[in-house]
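For the protein sequence lines, the chains are A and B, in the order given. Just so you know, we're using this note's numbering here: the first sequence kicks off at 1 and counts up by one. Just so you know, we're using this note's numbering here: the second sequence kicks off at 1 and counts up by one. To start, the structure under review is shown below, and the notes come after it.
2 protein chains.
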Amino acid sequence: MKIDPNHLHMLAAIIDAGGLSEGAVVLNKSQPSVSRSVAMLEQRLGSRLFEKGKRPLRPTELCQTLAEQGRIVGHASAAAQTAVELYSRGKAGTARVAGTPIFMDGVISNMMAAFQTAYPDVAIHQSYGYLAELSDQLGVGNIDLAICPVTPNEVPPHLNFRPIMRGRNVIACAPSHPLARKSSVKLEDIAAYPWIAPPAGSPLYTDLKTALESIGITDFRVSFTGGSLASIISVMAGSDALTVLPYSVVFMQRTAKTITALPIKLLHPERELGLLWHLDRPMRPAVLRFLKFLETEFKGLADRIDERGREAIWRR
Amino acid sequence: MKIDPNHLHMLAAIIDAGGLSEGAVVLNKSQPSVSRSVAMLEQRLGSRLFEKGKRPLRPTELCQTLAEQGRIVGHASAAAQTAVELYSRGKAGTARVAGTPIFMDGVISNMMAAFQTAYPDVAIHQSYGYLAELSDQLGVGNIDLAICPVTPNEVPPHLNFRPIMRGRNVIACAPSHPLARKSSVKLEDIAAYPWIAPPAGSPLYTDLKTALESIGITDFRVSFTGGSLASIISVMAGSDALTVLPYSVVFMQRTAKTITALPIKLLHPERELGLLWHLDRPMRPAVLRFLKFLETEFKGLADRIDERGREAIWRR
DNA sequence: AATCTTCATACCGTCAGGTTATATTGATTG
DNA sequence: CAATCAATATAACCTGACGGTATGAAGATT
Numbered sequence: 001m002k003i004d005p006n007h008l009h010m011l012a013a014i015i016d017a018g019g020l021s022e023g024a025v026v027l028n029k030s031q032p033s034v035s036r037s038v039a040m041l042e043q044r045l046g047s048r049l050f051e052k053g054k055r056p057l058r059p060t061e062l063c064q065t066l067a068e069q070g071r072i073v074g075h076a077s078a079a080a081q082t083a084v085e086l087y088s089r090g091k092a093g094t095a096r097v098a099g100t101p102i103f104m105d106g107v108i109s110n111m112m113a114a115f116q117t118a119y120p121d122v123a124i125h126q127s128y129g130y131l132a133e134l135s136d137q138l139g140v141g142n143i144d145l146a147i148c149p150v151t152p153n154e155v156p157p158h159l160n161f162r163p164i165m166r167g168r169n170v171i172a173c174a175p176s177h178p179l180a181r182k183s184s185v186k187l188e189d190i191a192a193y194p195w196i197a198p199p200a201g202s203p204l205y206t207d208l209k210t211a212l213e214s215i216g217i218t219d220f221r222v223s224f225t226g227g228s229l230a231s232i233i234s235v236m237a238g239s240d241a242l243t244v245l246p247y248s249v250v251f252m253q254r255t256a257k258t259i260t261a262l263p264i265k266l267l268h269p270e271r272e273l274g275l276l277w278h279l280d281r282p283m284r285p286a287v288l289r290f291l292k293f294l295e296t297e298f299k300g301l302a303d304r305i306d307e308r309g310r311e312a313i314w315r316r
Numbered sequence: 001m002k003i004d005p006n007h008l009h010m011l012a013a014i015i016d017a018g019g020l021s022e023g024a025v026v027l028n029k030s031q032p033s034v035s036r037s038v039a040m041l042e043q044r045l046g047s048r049l050f051e052k053g054k055r056p057l058r059p060t061e062l063c064q065t066l067a068e069q070g071r072i073v074g075h076a077s078a079a080a081q082t083a084v085e086l087y088s089r090g091k092a093g094t095a096r097v098a099g100t101p102i103f104m105d106g107v108i109s110n111m112m113a114a115f116q117t118a119y120p121d122v123a124i125h126q127s128y129g130y131l132a133e134l135s136d137q138l139g140v141g142n143i144d145l146a147i148c149p150v151t152p153n154e155v156p157p158h159l160n161f162r163p164i165m166r167g168r169n170v171i172a173c174a175p176s177h178p179l180a181r182k183s184s185v186k187l188e189d190i191a192a193y194p195w196i197a198p199p200a201g202s203p204l205y206t207d208l209k210t211a212l213e214s215i216g217i218t219d220f221r222v223s224f225t226g227g228s229l230a231s232i233i234s235v236m237a238g239s240d241a242l243t244v245l246p247y248s249v250v251f252m253q254r255t256a257k258t259i260t261a262l263p264i265k266l267l268h269p270e271r272e273l274g275l276l277w278h279l280d281r282p283m284r285p286a287v288l289r290f291l292k293f294l295e296t297e298f299k300g301l302a303d304r305i306d307e308r309g310r311e312a313i314w315r316r
């Protein structure tokens with residue numbers, strides 16, 4: 001007959017509480033219940049667990065050693081309990097999140113930092129990808145959440161899309177760039193400089209083309225391509241190159257002063273930055289937490305961007 | 001709702017076995033049983049424990065952390081199991097044993113050493129006392145077993161007495177003693193030497209007196225009294241004093257060659273060395289083991305003493 | 001598509017363990 | 001030492017968690 005961990009725990013509770021009745025209170029049970037359980041256990045073990053007929057209840061030697069294990073069981077049980085609670089409140093667990101490189105590096109990474117200080121027990125697994133891949137990964141279940149610009153009518157089936165920010169691109173350059181000081185920039189000015197292009201397959205690359213076409217630039221020289229945000233910033237800092245970036249990315253760099261936007265209006269792309277997740281796959285609490293966190297963060301970001309925009313307008 | 005340690009253990013078993021069916025085998029249960037248990041647990045926790053519709057059964061993150069605790073529970077349970085088995089076979093536990101000082105030091109201690117090498121997990125609590133005290137201690141339940149010379153008709157009530165060795169006293173002295181070389185010793189020889197007396201209250205003290213009276217010595221000089229066996233041996237080694245000791249005690253010192261017995265026959269006391277324990281207090285397995293061990297040891301000892309006796313006789 | 005393996009569901013019986021009420025029994029005290 | 005108190009044991013009853021077998025459903029494999 002195998003021994004029941006619950007019984008071990010019960011013994012520990014009785015001993016630590018100092019009596020059957022007190023132990024029963026600790027265990028949220030009635031006194032007769034634990035009394036009978038002890039009696040049955042004694043019978044099964046074939047030896048006494050508490051000395052018979054001694055009123056300050058005295059545990060047997062065997063009982064003591066069993067209670068020792070019982071305390072271990074109790075700890076494990078309590079640990080499991082708190083683990084479940086943390087988990088179900090989304091305060092522990094893992095969130096696997098992927099997104100387009102520039103956004104992840106330029107915007108989301110900062111939010112993830114904030115999230116991790118708020119929820120240190122939630123592990124984040126980050127990866128990169130564009131819409132097609134992200135959709136696949138969500139479908140297979142390799143990631144929980146994708147962050148990606150999407151045109152509302154091309155949302156893949158079975159995926160839920162929640163927009164969080166209007167797409168808005170700007171022409172970006174280093175603060176040291178000759179054009180950065182000018183209050184107004186003309187097309188002829190721009191034409192002289194080389195361009196940094198995002199990776200060929202990325203949406204930003206098509207954005208770059210359509211944006212430049214929209215302001216009449218059809219022929220442009222690409223001097224650097226394929227790098228992620230850190231490379232792009234470095235290259236811009238050391239050259240006169242220009243590039244097209246989401247304004248939010250530029251905005252997030254405002255304190256670091258590594259990028260500025262030129263005062264030229266580009267055509268908005270149809271796409272909108274948003275969160276994607278699988279519809280019929282229930283979201284884990286930690287992921288939900290992260291999602292909510294991102295939403296409020298983006299709301300704050302949008303507000304700050306608006307403010308700054310108004311300021312900029314007011315200054316002119 | 002509190003979490004059940006059994007469930008934690010079950011999760012660990014399932015994961016470690018690599019499937020519900022395999023886990024069920026490990027747990028000695030049917031597959032549907034564990035399947036249902038898992039389902040109920042999932043419902044109570046409000047989150048999945050195994051990913052739905054994946055055939056190489058994949059545990060959830062939460063399930064993994066719970067299983068971790070489950071393994072701890074499993075270990076504790078197994079430890080308890082072996083503890084119970086060891087205990088009930090008398091291979092672990094405590095035996096509280098008391099007895100008359102000279103016997104304990106001179107005979108029992110050697111046997112306890114042998115016992116502890118055979119049963120290293122049985123702790124022995126030794127104490128000293130004479131019959132009255134021993135009886136009290138047994139009655140109160142402070143000791144499990146007493147080893148003591150008892151005259152068969154003065155066995156205290158409620159106590160069981162099992163004789164293990166005939167009482168037989170001898171006159172003892174150091175091997176370096178002038179009388180030790182003599183093949184026959186006369187009373188006049190003895191009269192010249194001082195005596196080491198056991199503690200005044202001890203049975204051995206009365207033995208000393210009656211023994212000496214039995215051989216006609218009424219007036220004797222006591223040069224040292226009150227010491228336990230180690231002291232007596234030391235004093236004898238450094239002096240010409242004599243004393244009366246149980247032959248078994250002298251016998252046990254044969255290899256150490258610290259004491260010899262003089263070839264003088266003393267009157268046997270009525271008492272018989274034996275084991276005492278409480279009648280209606282069930283004996284713990286470890287105590288029983290120790291009791292059995294003592295019995296066989298004493299049997300062996302008695303045989304060896306007989307042999308030696310025959311040898312000694314043969315030599316003359 | 002067919003088959004195989006494994007998990008889920010249905011249904012039923014049993015017993016550990018929950019409850020309340022009450023008896024027993026060490027311990028305590030005047 | 002009787003009386004009293006407090007704690008444990010017992011009785012009687014009931015519920016539901018969990019055990020089993022039989023069978024359906026669904027991934028995985030060929």
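Each residue gets a CB set at the ideal place from its N, CA and C atoms; glycine is no exception.
Item                                                                                                                                                                                            : Value
Taking only three categories from DSSP, how would you classify B:Met-112?                                                                                                                       : helix
Beta carbon of B:Pro-246, beta carbon of B:Arg-168: below 8 Å?                                                                                                                                  : yes
Exposed or buried, what is B:Glu-272 when buried is set at 16 or more other beta-carbons lying within 10 Å of its beta-carbon?                                                                  : buried
If I measure Cβ to Cβ from B:Leu-57 and keep anything under 6 Å in the same chain, skipping five residues before and after, which residues do I get?                                            : Gly-19 and Phe-50
For A:Gln-126 and A:Val-97, which I take to be in contact (beta-carbon distance under 8 Å), what is that distance rounded to the nearest angstrom?                                              : 6 Å
Strictly below 8 Å CB to CB, what residues from chain B border A:Leu-145?                                                                                                                       : Within chain B, no residue comes near A:Leu-145; the closest Cβ sits about 15 Å away, beyond 8 Å.
Start and end of the beta strand (DSSP E) containing A:Glu-154?                                                                                                                                 : No beta strand (DSSP E) holds A:Glu-154; DSSP gives it neither H nor E.
So with Cβ pairs under 8 Å, would you call B:Glu-61 a contact of chain A?                                                                                                                       : yes
Excluding the five sequence neighbours on either side, which residues of its own chain have a C-beta within less than 6 Å of the C-beta of B:Val-73, listed in chain order?                     : Pro-5, Leu-8 and His-9
Compare the C-beta of B:Ala-83 with all C-beta atoms of chain A and state if any pair is closer than 8 Å.                                                                                       : yes
Below 8 Å between beta carbons is the criterion; list the residues of the region 115 to 144 of chain B that meet it against any residue of chain A, in chain order.                             : Gly-141
Going along the region 262 to 290 of chain A in order, which residues come within less than 8 Å of chain B, judged by CB to CB distance?                                                        : Pro-282, Arg-284 and Pro-285
Can you tell me the Cβ-Cβ gap for B:Gln-198 and B:Leu-208, rounded? I've got them flagged as a contact below 8 Å.                                                                               : Gln is not the amino acid found at residue 198 of chain B; the sequence shown has Pro there. 7 Å between Cβ atoms; contact.
Compile a chain-ordered list of the residues in the region 14 to 36 of chain A whose CB is closer than 7 Å to at least one CB of chain B.                                                       : none
Just to confirm the assignment, what range does the alpha helix (DSSP H) spanning B:Tyr-128 have?                                                                                               : Segment 122 to 128 is the beta strand (DSSP E) holding B:Tyr-128; no alpha helix (DSSP H) there.
Please name the residue in A:Ala-261, A:Ile-233, A:Thr-206 and A:Pro-263 whose C-alpha comes closest to that of A:Glu-270.                                                                      : A:Thr-206
Say whether the region 252 to 263 of chain B touches the region 232 to 242 of chain B, bearing in mind that this needs 3 or more beta-carbon pairs closer than 8 Å, one atom from each stretch. : yes
Under a three-way DSSP split, which group does B:Ser-223 fall into?                                                                                                                             : strand
Can you look up B:Arg-315 in the DSSP assignment and give me helix, strand or coil?                                                                                                             : Note on B:Arg-315: pLDDT 41, under 50, position unreliable in the model; no value is reported.
Whole beta strand (DSSP E) runs in the region 137 to 224 of chain B with 3 or more residues, listed along the chain?                                                                            : 145 to 150, 159 to 166, 169 to 173 and 195 to 197
Which same chain residues, not among the five before or five after B:Gly-226, have their C-beta less than 7 Å away from its C-beta?                                                             : Pro-199
According to DSSP, which residues form a beta bridge with A:Ala-261?                                                                                                                            : A:Ala-172
Do you know how far the Cα of B:Trp-277 is from the Cα of B:Ala-302?                                                                                                                            : 22 Å
My assumption, with CB atoms under 8 Å, is that B:Phe-290 sits in contact with B:Val-122. Please give the rounded CB distance.                                                                  : 7 Å
Under 8 Å, do A:Ile-124 and A:Phe-298 count as touching if we go by C-beta distance?                                                                                                            : no
Between the C-alpha atoms of B:Ile-3 and A:Tyr-87, what's the straight-line distance to the nearest angstrom?                                                                                   : 14 Å
Is the beta carbon of A:Val-26 closer than 8 Å to that of A:Ala-13?                                                                                                                             : yes
Using a 10 Å radius around the Cβ and a threshold of 16 neighbouring Cβ atoms, would you call A:Ser-30 buried or exposed?                                                                       : exposed
Taking A:Pro-5 as the query, report the chain B residues whose CB atoms sit under 9 Å from its CB, ordered along the chain.                                                                     : Asp-4, Pro-5, Asn-6, Leu-8, His-9, Val-73, Gly-74, Ala-76, Ser-77 and Ala-80
Cutting at 7 Å between CB atoms, please list the residues of its own chain near A:Gln-137, excluding the five before and the five after it.                                                     : Ala-98, Gly-129 and Ile-143
Going straight from the alpha carbon of B:Arg-44 to that of A:Thr-82, what length do you get?                                                                                                   : 15 Å
Tell me, to the nearest whole angstrom, how far the beta carbon of A:Phe-103 is from that of A:Ile-171; I am working on the premise that it is less than 8 Å.                                   : In fact, because the Cβ distance is near 18 Å, the residues do not count as touching under 8 Å.
Taking C-beta pairs closer than 7 Å, name the residues in chain A that B:Gly-46 reaches, listed in chain order.                                                                                 : Ser-88
Please confirm if B:Thr-225 has its CB atom under 8 Å from at least one CB of chain A.                                                                                                          : no
Please classify B:Ala-67 as buried or exposed, where buried requires at least 16 other C-beta atoms within 10 Å of its C-beta.                                                                  : buried
Suppose contacts are defined by Cβ-Cβ distances below 8 Å. Is A:Thr-60 in contact with A:Arg-48 by that definition?                                                                             : yes
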